[in-house]
Each structure stands twice: as C-alpha cells, then as structure tokens.
Amino acid sequence: MNQGDAGSFKATNGPNQDGALLVHFNDTDEWAAIFLCFQSQNWNTDAATGHPVSDSRGGQGRGEGTRRPQPIVASSLRIVAALINPVNGEGGTEAETVTIINRSDMQASLDGWKLEDENGRTQTLSGSLSAGELRTIALDVAAGGPQLANRGGDIILRNADGAVADRVGYGKSETANEGWTTIF
1 MNQGDAGSFK ATNGPNQDGA LLVHFNDTDE WAAIFLCFQS QNWNTDAATG
51 HPVSDSRGGQ GRGEGTRRPQ PIVASSLRIV AALINPVNGE GGTEAETVTI
101 INRSDMQASL DGWKLEDENG RTQTLSGSLS AGELRTIALD VAAGGPQLAN
151 RGGDIILRNA DGAVADRVGY GKSETANEGW TTIF
C-alpha cells in the first residue's frame, strides 16, 4: 500500500494505493468510510507511477474517483468544473473547458498561472479574477494545450511559481455523457 513514499520504499510505489475501510450499517442501509494515508507519504503523486511529485512539498488529500488532493501551496483559486467530453467529441466544434473560481475577498492575478493535464501539456493564463468570480477557460488543444482524456485523468492548476495550487481528478464514468459538465 505504498503511494508517494521516498527512499527505500520508493520501489514499491504505485498509483491508487491509498487505504480505505468501508463499513455498511445494515439497519439503516448506510455506508461509512475511513480513508488512510501514512504521514510519511506525499499526497501529490504522479498518476502513472505513484512517486512523489516533489520530495519537499506535501499536504493532505482525499478520496478516490473525482478527487481533489489538497494543493501544495495555499491558494484562493480552485478548479470547480470541467467540460471533458464536449458535444461532437474530440475534434468537434465545442471546446473542452475548465472553470476556476477565486474564493477570496480580493482580486487575484492569473498572470503566469497554468492549466496542465496529466501528460504535462500546459496553457498559460492571464488577466485577473475579481473576488468570488468564476471563469470558464476554453482549452486550446490546437496550440498544444491540455487535453482532457475521456478515459479519466487529472487537471492541474499551477501558480506563477509553478507550484501546484489545485489538482482534481475524474474517471471515465464522469465523461460518458457528451456535453455534460463535471463538478469537482
């Protein structure tokens, strides 16, 4: 059950190896879950290998499926939604989009920030977001920007210093309905 370990345990890392305990209460037909991670692990891991993205930065995390590990750096900007499977599919006329929000009570600059897919393709952002503002950004796939895979993947928001400010993941089931927006 290694994911995000360094040193002598790095060889046993793998993706999606977080621990969980699920409990079903028959009387009420309700489920409870306890998700586990060892403190020595790094929550921000490579989706393919399970190795830490950085040995010096870590944080808390959560869940499987649509997931949002906590960012490496504190940020008022968050990814809240994405149109992953636009109408007409890949190569169609509708663009894939990512929606971000400024959660703070002050304006936030987007200059130098980037959206990134799990394969490292990026799109540089610019401008600013007012307090509480949402912005939907059309991904420029033709210019080599991020591509949201219909099989599932990750969307990363990096600040101007290149640190992960937010990261969300989605599964294949969340892309099944063409033209539907996935909420994180």
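Numbering follows full-length UniProt numbering, in which position 85 of the sequence shown is assigned residue number 85; successive positions increment by one, without gaps. Using N, Cα and C, we set each Cβ at its ideal position, and we do this for glycine too.
Residue burial classification, residue i (beta-carbon count within 10 angstroms, cutoff 16)
{"i": "A82", "result": "buried"}
{"i": "T175", "result": "buried"}
{"i": "F184", "result": "buried"}
Residue j beta carbon less than 9 Å from that of residue i
{"i": "V80", "j": "L139", "result": "no"}
{"i": "T97", "j": "T136", "result": "yes"}
{"i": "D154", "j": "D117", "result": "yes"}
{"i": "A160", "j": "D105", "result": "no"}
{"i": "I101", "j": "L148", "result": "no"}
Residue i in three-state terms, based on DSSP
{"i": "E174", "result": "helix"}
{"i": "F9", "result": "helix"}
{"i": "G61", "result": "Residue confidence is low: G61 scores 36 on pLDDT, short of 50, so the model does not pin down where it sits. Its coordinate-derived value is still stated next. In the structure shown, G61 sits in coil (DSSP, three-state: anything other than H, G, I, E or B)."}
{"i": "V80", "result": "strand"}
{"i": "A95", "result": "coil"}
Length of the line joining the Cα atoms of residue i and residue j
{"i": "T182", "j": "G169", "result": "10 Å"}
{"i": "G171", "j": "E30", "result": "24 Å"}
{"i": "L157", "j": "N177", "result": "24 Å"}
{"i": "G162", "j": "T124", "result": "11 Å"}
{"i": "V87", "j": "A108", "result": "32 Å"}
{"i": "P146", "j": "E94", "result": "15 Å"}
{"i": "S126", "j": "T99", "result": "14 Å"}
{"i": "G120", "j": "R78", "result": "19 Å"}
{"i": "R57", "j": "G152", "result": "In this prediction, R57 scores a pLDDT of 38, lower than 50, which makes its location untrustworthy; the coordinate-derived value is nonetheless stated afterwards. Cα to Cα, the separation comes out at about 25 Å."}
{"i": "V141", "j": "L115", "result": "12 Å"}
{"i": "T28", "j": "S130", "result": "45 Å"}
{"i": "S8", "j": "R103", "result": "40 Å"}
Own chain residues within Cβ distance below 7 Å of residue i, not counting five before or after
{"i": "S75", "result": "N159, A165, D166"}
{"i": "S128", "result": "Q107, A108, S109, L110"}
Proximity test, residue i beta-carbon vs the ligand NAP heavy atom, cut-off 8 Å
{"i": "A32", "result": "Among the components of this structure there are no ligands whatsoever, and the ligand NAP is therefore not found."}
8 Å Cβ shell around residue i - same chain, five flanking residues per side excluded
{"i": "A33", "result": "A20, L21, L22, V23"}
{"i": "F25", "result": "W31, A32"}
{"i": "G144", "result": "R121"}
Own chain partners of residue i with C-beta closer than 6 Å, once the 5 adjacent residues on each side are dropped
{"i": "G63", "result": "Unreliable placement is indicated for G63, whose pLDDT of 34 sits below 50; no coordinate value is reported for it."}
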